[in-house]
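First the structure, in the form of structure tokens, and then the observations on it.
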Amino acid sequence: MNNTKNIFLISIIIVSFLRSDLASPEPFMVQQPNGEMITIYNRGNHLQGWHEYNGWT
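Heads up: the sequence shown is residues 2 to 58, going by my numbering.
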């Protein structure tokens with residue numbers, strides 16, 4: 002039983018790493034609260050992500 006749990010947990014961890022991916026490099030438009038539309042980029046990976054606009058995060 003304990004061996005089955007270990008195999009299950011290890012397989013879950015392996016699958017999560019196999020499914021991980023980098024953020025899409027395509028820019029997208031968002032609307033600011035004042036109504037202005039800006040183009041931002043997603044950056045990062047499955048562990049950490051952020052948005053960039055004109056080099057600022």
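Quick reminder that beta carbons are idealized off the backbone N, C-alpha and C, glycines included.
Here Asn55 is not near Ala24, since their CB atoms are 7 Å or more apart. Spanning the alpha carbons of Met30 and Ile15 requires a straight line of approximately 34 Å.
Per the coordinates, the alpha-carbon of Ser12 lies some 42 Å from the alpha-carbon of Gln33.
Non-local C-beta neighbours of Met38 in its own chain, meaning closer than 6 Å and more than five positions away in sequence, comprise Met30 and Gln32, ordered along the chain.
Sequence-distant partners of Pro28 (beyond 5 residues in either direction) whose C-beta falls short of 7 Å from its own C-beta, in its chain, are Thr40, Ile41 and Tyr42.
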